[in-house]
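In the working numbering, the protein residues as written are 125 to 480.
Quick reminder that beta carbons are idealized off the backbone N, C-alpha and C, glycines included.
In this text the structure is predicted, and so the values were computed from the model without any measurement.
Take a look at the structure set out below.
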Amino acid sequence: MNTLITIREYETAARAVLDPVHFDYVSGGARDEVTLRENEAAYARLALLPRVLRGNPKRTLETRLLNSRASMPIILSPTAFHKLMTGDGELATARAAAAADTIMITGMAATVAVADVVAAARAAGGGDVWFQLYLQTRNDITAEIVSRATDAGVTAVVVTVDSPVLGAGDRNIRNGFTDLPPGLACENLRGLGGDPTDRVRSIELSAELSWEHLDRLRALTELPIVLKGTAHPDDARLGIEHGADAIMVSNHGGRQLDGIPATVDLLPDVVAAVDGRVPVLVDGGIRRGTDVAKALALGASAIGIGRPIMWGLAAAGEQGARNVLEILRSELDHTLALLGVESPAELGSDWVVTKP
Ligand SMILES: Cc1cc2nc3c(=O)[nH]c(=O)nc-3n(C[C@H](O)[C@H](O)[C@H](O)COP(=O)(O)O)c2cc1C
Ligand SMILES: CCCCCCC(=O)C(=O)O
Numbered sequence: 125m126n127t128l129i130t131i132r133e134y135e136t137a138a139r140a141v142l143d144p145v146h147f148d149y150v151s152g153g154a155r156d157e158v159t160l161r162e163n164e165a166a167y168a169r170l171a172l173l174p175r176v177l178r179g180n181p182k183r184t185l186e187t188r189l190l191n192s193r194a195s196m197p198i199i200l201s202p203t204a205f206h207k208l209m210t211g212d213g214e215l216a217t218a219r220a221a222a223a224a225d226t227i228m229i230t231g232m233a234a235t236v237a238v239a240d241v242v243a244a245a246r247a248a249g250g251g252d253v254w255f256q257l258y259l260q261t262r263n264d265i266t267a268e269i270v271s272r273a274t275d276a277g278v279t280a281v282v283v284t285v286d287s288p289v290l291g292a293g294d295r296n297i298r299n300g301f302t303d304l305p306p307g308l309a310c311e312n313l314r315g316l317g318g319d320p321t322d323r324v325r326s327i328e329l330s331a332e333l334s335w336e337h338l339d340r341l342r343a344l345t346e347l348p349i350v351l352k353g354t355a356h357p358d359d360a361r362l363g364i365e366h367g368a369d370a371i372m373v374s375n376h377g378g379r380q381l382d383g384i385p386a387t388v389d390l391l392p393d394v395v396a397a398v399d400g401r402v403p404v405l406v407d408g409g410i411r412r413g414t415d416v417a418k419a420l421a422l423g424a425s426a427i428g429i430g431r432p433i434m435w436g437l438a439a440a441g442e443q444g445a446r447n448v449l450e451i452l453r454s455e456l457d458h459t460l461a462l463l464g465v466e467s468p469a470e471l472g473s474d475w476v477v478t479k480p
C-alpha cells in the first residue's frame, strides 16, 4: 500500500532517510530562503473560483509542448545529482517519467550521461527527454555537449539563464557541501577535459554570457530552445527575438537570487509580454494539484517540479518518483472536476482570484 499521499509527506520521508547534508542541498534555497518560501506562499495567496453545473463528465490532461506530447501538463524540471538520492540516479527518474508518460528535463549536471537517460526512458516505453544546458563561454564546448544530447535523442534544449554565478545556499556553506562524493560525477562532461584522460570537465557558470551566446546556440541546433530562468517580461521578449521557442518562468526554486518574487507572481506579466507567440512554462513551489491549476489558469502551458521528484527518489527510488507524479496528476484531475472544466485549456485568469 502506498502510505504517502501528499508531496509534503514525501519531503518528510526524504528527510528521514537522506544524509542531512544532502537533504539540505536539495531542500534548501539561497541565503535567507525568502524566495524559496515565497514560491509556495504565493500559491496559497491565490484562490480558485469554480463554475458549476457544466455537464463535464470526462477530463483530459493531455498536453502538447513544442514537438513533444505529455499525458499531463506536469513535467520534470532539471535537477542535478540524482545519484545522491538513489543508486540508479537519473535512470530511475527517466523510468518514472516514462511510466507517467511525461517529459523529463535531464540536467547537464546529471550523474548519468544523457544517452543513458534517453535509453532508459525509451526502454521504459516513452516520455520525451529534454536536455538542460548551461551555456559555456567556449562555443566548441557548448557545441560538443549539445551534439552529445542531440545524438542521444533529446527533443529540446533548455537553456538555464539565471545562473551567471552559483547561488549561495547558506545551508551548503554551513555543511561544507562543496563537491560530489567520490565515484559520482557530472557524466555529461566526461572526456571534455581537453587532455587525453577521461577527466570530467567542471561546469562553468559565467557572468560573461550575453545574448550573443544564445545566438550562437541558435545557430548550432535545430532543436527547440526553451529559455529557463527568465523573470522580467523584457527578457522573455528578448529571448523570443533571439530564437527561443518557449519561455520557462523560473527562479531556480529560490536557489539563485534570494528576494526575487515568487514565480507564480511573475507569470502573468511574462505571459502578457509573450502574447501567445510561444508557450510559457513555470516552475517553483508547486506542491499540489491546485497549485498546478492556478499556474495553468494564469497562462502556463505546463509546469515543472524539481524537489518533489528528488524527495520521491530519496524516499522510494523510481517508485517514489512515480508516486509523486501520480499524486499530482490525480490532484490536478480532481481539481479540474471541482472547477467544472474538461481540460487545462479551458482555464483562464478569471478562474483565479487574489485573496484580500
Ligand atoms: C537539488 C536541485 C538541483 C537543481 N539543479 C538544477 C540544474 O542543474 N539546472 C537547472 O536549470 N535548475 C536546477 N534546479 C532548479 C530546478 O530546475 C527548478 O527550477 C526548481 O527546483 C523548481 O522549484 P521546486 O523545487 O520548488 O519545484 C535545481 C533544483 C534543485 C532543488
Ligand atoms: C557548477 C555546478 C552547477 C550545478 C548545478 C546545480 C544547481 O543548479 C542547483 O543545485 O541548484
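Counterpart residues of residue i in DSSP-defined beta bridges
i	result
Tyr-411	The question names Tyr, yet the displayed sequence has Arg at residue 411. Answer is none; Arg-411 lacks a bridge partner.
Trp-254	Ile-229
Thr-354	Val-373
Val-402	Bridge partners of Val-402: none, in fact.
Ala-426	Leu-405
Thr-187	Ala-194
Ala-171	Val-477
Arg-314	Val-324
Rounded Cβ spacing between residue i and residue j (contact assumed at less than 8 Å)
i	j	result
Thr-279	Leu-347	7 Å
Ser-464	Asn-180	Going by the sequence as given, residue 464 is Gly instead of Ser. Indeed, because the Cβ distance is near 6 Å, the residues count as touching under 8 Å.
Val-448	Tyr-134	6 Å
Asp-369	Val-350	7 Å
Ala-218	Val-238	10 Å between Cβ atoms; not a contact.
Ile-364	Val-395	The pair is not a contact, with the Cβ atoms about 13 Å apart (cut-off 8 Å).
Gly-251	Ala-204	Actually they are not in contact, since the Cβ atoms of Gly-251 and Ala-204 sit about 20 Å apart, beyond 8 Å.
His-82	Leu-208	Residue 82 lies beyond the stretch modelled for the chain, which goes from 125 to 480, so this question has no answer here.
Val-270	Val-281	6 Å
Pro-468	Pro-197	5 Å
Of the residues the options, the one placed nearest residue i, counting alpha carbons only
i	options	result
Lys-479	Arg-139, Pro-144, Phe-147 and Ala-166	Ala-166
Ile-327	Val-395, Asp-252, Asp-457 and Arg-262	Arg-262
Thr-230	Thr-187, Thr-274, Gly-249 and Asn-191	Thr-274
Leu-405	Pro-432, Ile-384, Ala-204 and His-376	His-376
Gly-472	Thr-459, Ile-451, Ala-445 and Ala-417	Ala-417
Arg-178	Ala-244, Ala-216, Glu-470 and Pro-357	Glu-470
Ala-233	Tyr-258, Pro-432, Arg-361 and Asp-212	Tyr-258
Gly-211	Thr-235, Arg-431, His-356 and Gly-363	Thr-235
Thr-284	His-206, Leu-329 and Leu-422	Leu-329
Trp-335	Asn-312, Pro-320, Arg-361 and Cys-310	Arg-361
Trp-254	Glu-268, Met-196, Arg-342 and Leu-189	Leu-189
Ile-131	Gly-413, Gly-383, Gly-250 and Ala-461	Gly-413
Ile-227	Gln-443, Arg-401, Ala-426 and His-356	Ala-426
Gly-408	Thr-127, His-146, Arg-161 and Tyr-149	Arg-161
Ile-386	Arg-314, Gly-423, Arg-169 and Arg-175	Rather than Ile, the amino acid found at residue 386 in this sequence is Ala. If we check each option's Cα against that of Ala-386, Arg-169 comes out closest.
Arg-342	Leu-333, Gly-367, Glu-332 and Arg-298	Gly-367
Asp-415	Leu-381, Ala-445, Leu-452 and Ile-433	Leu-452
His-337	Ala-267, Gly-249 and Ala-461	Ala-267
Arg-272	Asp-339, Leu-316, Ala-245 and Asp-286	Leu-316
Arg-246	Gln-256, Gln-260, Ala-224 and Ile-265	Ala-224
Ala-355	Arg-340, Leu-333 and Gly-383	Gly-383
Ala-171	Val-388, Val-373, Ser-151 and Arg-379	Val-388
Ala-461	Leu-173, Leu-381, Thr-159 and Ala-137	Leu-173
Residue i, DSSP secondary structure in three states
i	result
Ala-276	helix
Ile-199	strand
Arg-72	Given a span of 125 to 480 for the chain in the structure shown, any question on residue 72 remains unanswerable.
Val-282	strand
Leu-215	helix
Ile-349	strand
Thr-136	helix
Pro-392	helix
Ser-330	coil
Pro-385	coil
Ala-220	helix
Leu-471	coil
Thr-266	helix
Thr-459	helix
Leu-420	helix
Asn-180	coil
Arg-379	coil
Met-125	Note that Met-125 scores 47 on pLDDT, short of 50, meaning its location in the model is unreliable and no value can be drawn from it.
Gly-484	Outside the displayed range of the chain (125 to 480) lies residue 484, so it cannot be described from this structure.
Phe-147	helix
Leu-362	helix
Thr-159	helix
Met-209	coil
Gly-300	coil
Below-7 Å beta-carbon distance, residue i vs any chain B residue
i	result
Ser-374	Judged by its chain identifiers, the structure shown contains no chain B, having just a single protein chain.
Checklist entry - Do the region 140-158 and the region 425-439 touch if we need at least three Cβ pairs shorter than 8 Å? => result yes
Item to check | Cβ contact (3+ pairs, closer than 8 Å) linking the region 142-160 and the region 276-296 | outcome: yes
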